[in-house]
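Peer 1: My questions all concern the structure below.
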Amino acid sequence: MEKAPAAPHPEYDLLRPIENPGKSFYYIVAVLLAIILYTGYVYIRQVYYGLGVTGMAQPVTWGFYIINFVFFIGISHAGTLISAILRLSKAEWRRPITRMAEVITAIVLAIGGLHPIIDLGRPDRMTHLFYNGRLQSPLLWDIVSITAYFTASTVYLYIPMIPDIAILRDRGVKPRWLYEFLSWSWQGTEQQHKVLDRAMNILMVVVIPIAVSVHTIISYIFAMTVQPGWHSTIFGPYFVVGAIFSGIAAILVLMIVFRKVFHLERYLKLIHFNYLSVLLLIMSLLWFYFTFSEYLTGFYGHEPNEMRVFMYKFSGAFAPYFWTMVTCNFLLPLILLSNRKTRTIPGILIASISVIIGMWLERLIIVVPSLANPRLPYPTGIYIPTHTEWMLFLGGVSVFILGYMMFARFFPVISVWEIQEGRHESAKTVTERISSYMPDPQPRYTGSMENE
Amino acid sequence: MKWGMVIDLQKCTGCGECVAACKLENNVAIVEPKESEMGRTMLWMDMLTVYEGEYPRLRVRQFPRPCMHCDHPPCTKVCPVRATYKNEEGIVAQIYPQCIGCRYCMAACPYTVKSFNWYKPEWAPGIRETVNPDVSVRQVGVVEKCTFCVHRLQKAKEQAKSEGRNLREGDFQTACAESCPAGAIVFGDLENTGHRVNSLSRSPRATRLLEDLGTEPKVIYLKEVD
Ligand code: SF4
Ligand code: SF4
């Protein structure tokens, strides 16, 4: 581990992974590529033989692909939504976090968006969606909103990157054409900064409703049917809360990994983890509130078909998953994060991973039990995922890791210019802002009454 | 015109003739036993069993279950490509070459009547000869279900036209109705007072499955009287 003798750039730590990626980078890329290639083979095999190679059957006609679709799109809410909210609320501590979060969104959205196609029995007929598409179908709403979300969030990721790309271009970092091209001849003039600020402000506001709509509509795919366990008005907000919940957990895990691998302790400080994990804790409580409301109303109504699904989750075949979900999403984060002693980096890491697992289980618990318990006297359905489905899940995760590594290889994962801006300007503006909304000093508390 | 079906459970013996007739008539694929065990049996007409009471006083009832051809079908509402739709005569149809295989309609059908072609359907050499040429053989990856033997309607209409007359009751019968040895299944036009289904559907014994969902099934059951 040689140390840079004299850091040529003030934020050298952020640029180092780009200017000299270590050897291990290539090893990991090779392993990931191997997994992805094999996944590709497994998928082509599925297209060739049909969906019979999966574990889906009747009546459980949706399995891993739809579960992972909801899960991945949920994770994507980490980014844009959180970063937009933090930027909009001018939370100063956001600066090292926003970019990382936005990258998650862009990559995971692309992976999640592919899942419904993987799930199709006839992917070769995709084009029917365009010339026979029925706008009355929630699936079409979904395509529209995911496309809009993907477009908005990639632009929202790219625009604040322009000044950083220009830094790389000016330092002559290697694929020069790439940085030349992407920097859009950014010179950092005042006029350019103004335009950039305006563009970011517009996108920030636009992206929030789009993000909320995306997961609401995904919940509608289920809620628009009359099936027990799905036909629920709470599903829209429930899915959005769950999405943000799993999203925050994903950012936390990534932040911890990057901090360790790229030695970013100077940027990602304990306070960032502290703030975000409190947010995670709040989301955990909210998640519990929604889950409680959802199941209590179902139980109280005691409609026989509804109860069959309910009991299947509570004490039937799905009980182990259900209670693991409650532990992962509520008990564990509550215990770990509400106690200052355990709200440390390892504690946060455990809580975040547990939330990610718990939220995946939640998707499983929403999709399968309703399908497995039909209303008419059929035998209860079974679903055991096969090798193909596990591989496609693993492949999706690998694409995510690879995508993130490639991004980190070519672009700084922490916004350099925003950090610099923060260093130079924000201290002053923040003091001004705080004093602007603090109550004016009252005469009897201030000894001297100079200013009034 | 509103094609519908009345199934008299008092007459039905649960023999399963309708199930077999439907399977042959519509070229419904026979899947391997292993697949069938997984829950991939394909039946457009199924025989469902209800157990009532506890062991010594156990009572077993059976009832045939085709697609209900709902008047407000939840399945057609969700289809993203209009591969399943309700035609003017009330039959809920599937367009196989248009179905993208998303299985949303299967998830939405409260009666769980739809089947999916998990693999390319195959027929054993002996059975291949019995394939009905009037019914298209489905491809892999599409959803299928009972069509009220709509190909027979086509034939009956053409026959009637060539004879220069209107369609009469009995011209168009589904395979299950035709084959039922007990005469428990009656098929016809629910809106035509001359058809038997019309009067039967107004019987005090008439009931429909999951009526409270508002799907308005066009398959009507006549309850057993003990
Ligand atoms: S029974 Fe199911 S498949 Fe048939 S029309 Fe009704 S919803 Fe559609
Ligand atoms: S499986 Fe086919 S018929 Fe059913 S909703 Fe999808 S496209 Fe429509």
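Going down the list, the sequences are from chains L and W.
Position 36 of the first sequence, counting from 1, maps to 36 under this note's numbering, and the rest follow consecutively.
Just so we're on the same page, this note's numbering is the position in the second sequence counted from 1, plus 452.
The beta-carbon is built from N, C-alpha and C at its ideal position, and this holds for glycine as well.
#1: At a CB-CB cut-off below 7 Å, which residues of chain W make contact with Met307 of chain L?
#2: Going residue by residue through the segment 294-322 of chain L, where are the continuous beta strand (DSSP E) segments of at least 3 residues, counting only ones entirely within it?
#3: For ligand 1, is there a heavy atom less than 7 Å away from the beta-carbon of Tyr563 of chain W?
#4: Hey, is Thr536 of chain W close to ligand 2, as in C-beta under 7 Å from one of its heavy atoms?
#5: In the DSSP assignment, what are the bridge partners of Ala545 of chain W?
#6: Determine, for Lys46 of chain L, whether the minimum Cβ-Cβ distance to residues of chain W falls below 8 Å.
#7: Indicate whether at least one CB of chain L lies closer than 8 Å to the CB of Ile552 of chain W.
#8: Tell me which residues share the same chain as Val214 of chain L and place their Cβ nearer than 7 Å to its Cβ, disregarding the 5 neighbours each side in the sequence.
#9: Which word fits Val483 of chain W, buried or exposed, when buried means at least 16 other C-beta atoms lie within 10 angstroms of its C-beta?
#10: Terminal residues of the continuous alpha helix (DSSP H) containing Gln420 of chain L?
#11: Using the Cβ count rule (16 or more neighbours within 10 Å means buried), how would you classify Ile335 of chain L?
#12: Any Cβ of chain W within less than 8 Å of the Cβ of Ala6 of chain L?
#13: Determine the DSSP secondary structure at Gln192 of chain L, reduced to helix, strand or coil.
#14: If the cut is a Cβ gap below 9 Å, which residues of chain L does Cys464 of chain W touch?
#15: Does ligand 2 have a heavy atom nearer than 7 Å to the CB of Arg492 of chain W?
#16: If contact means a Cβ-Cβ distance below 9 Å, which residues of the segment 657-676 of chain W contact chain L?
#17: Here's the rule I'm using: 16 or more other beta-carbon atoms within 10 Å means buried, otherwise exposed. How should Leu536 of chain L be labelled?
#18: Mind pulling the chain W residues with CB within less than 8 Å of Pro369 of chain L?
#19: If you draw a straight line from the alpha carbon of Val155 of chain L to that of Asn274 of chain L, how long is it in whole angstroms?
#20: Can you grab the Cα-Cα spacing for the pair Met1 of chain L / Asn20 of chain L, in whole Å?
#21: Looking at Arg492 of chain W: is its Cβ nearer than 8 Å to the Cβ of Gln46 of chain L?
#22: How should Lys341 of chain L be labelled, buried or exposed, when 16 other C-beta atoms within 10 angstroms of its C-beta is the threshold for buried?
#23: Using a threshold of 8 Å, state whether the C-beta atoms of Asn329 of chain L and Glu294 of chain L are closer than that.
#24: Under a CB-based cut-off of 8 Å, is Lys572 of chain W close to chain B?
#25: At the 8 Å Cβ level, is Gly396 of chain L part of the contact set with chain W, yes or no?
#26: Measuring only the C-alpha atoms, how far is Asn373 of chain L from Trp62 of chain L?
#27: When you compare the CB positions of Arg171 of chain L and Glu180 of chain L, do they come within less than 8 Å of one another, or not?
#28: Between which residues of its own chain and Val602 of chain W is the CB-CB distance below 8 Å, once the five residues before and five after are set aside?
#29: On the premise that Arg122 of chain L lies in contact with Ile552 of chain W, defined as a C-beta separation below 8 Å, what is that separation, rounded to the nearest angstrom?
#30: Starting from the C-beta of Pro530 of chain L, find all residues in its chain whose C-beta is less than 8 Å away, skip the five residues before and the five after it, and write them out in chain order.
#31: Indicate whether at least one CB of chain L lies closer than 8 Å to the CB of Pro516 of chain W.
#32: Using 10 angstroms around the beta-carbon of Thr582 of chain W, count the other beta-carbons present and answer buried if the total reaches 16, otherwise exposed.
#33: Looking at the unbroken beta strand (DSSP E) that takes in Gly640 of chain W, where does it start and where does it end?
#34: Any heavy atom of ligand 2 closer than 7 Å to the Cβ of Gly63 of chain L?
#35: From the DSSP output, which residues share a beta bridge with Pro723 of chain W?
#36: Looking at ligand 2, does it come within less than 7 Å of Gly396 of chain L, judged from the CB to the closest heavy atom?
Peer 2: Taking the structure as given:
#1: Neighbours of Met307 of chain L on chain W: none; closest Cβ ~15 Å, over 7 Å.
#2: none
#3: yes
#4: yes
#5: W:Tyr537
#6: For the record, residue 46 of chain L in the displayed sequence is Gln; it is not Lys. Answer no: the Cβ-Cβ gap between Gln46 of chain L and chain W never drops below 8 Å.
#7: yes
#8: Ile73, Ser145, Ile146, Tyr149
#9: buried
#10: 416-421
#11: exposed
#12: Unreliable placement is indicated for Ala6 of chain L, whose pLDDT of 41 sits below 50; no coordinate value is reported for it.
#13: helix
#14: Neighbours of Cys464 of chain W on chain L: none; closest Cβ ~15 Å, over 9 Å.
#15: no
#16: Leu661, Leu662, Leu665, Gly666, Thr667
#17: As displayed, chain L neither begins before 1 nor continues past 452, which places residue 536 of chain L out of reach and without an answer.
#18: Per Cβ cutoff of 8 Å: no residues; Pro369 of chain L is ~13 Å from chain W at best.
#19: 29 Å
#20: With a pLDDT of only 37 at Met1 of chain L, under 50, the local geometry of the prediction cannot be trusted, and no value is derived from it.
#21: no
#22: exposed
#23: no
#24: Protein chains L and W are contained in the structure displayed, whereas chain B is not.
#25: no
#26: 13 Å
#27: no
#28: Ile543, Ala545
#29: 5 Å
#30: In the structure displayed, chain L extends from 1 to 452; residue 530 of chain L sits before or after that span and is not available.
#31: no
#32: exposed
#33: 637-641
#34: no
#35: There is simply no residue 723 of chain W to check, as chain W begins at 453 and stops at 678 in what is shown.
#36: no
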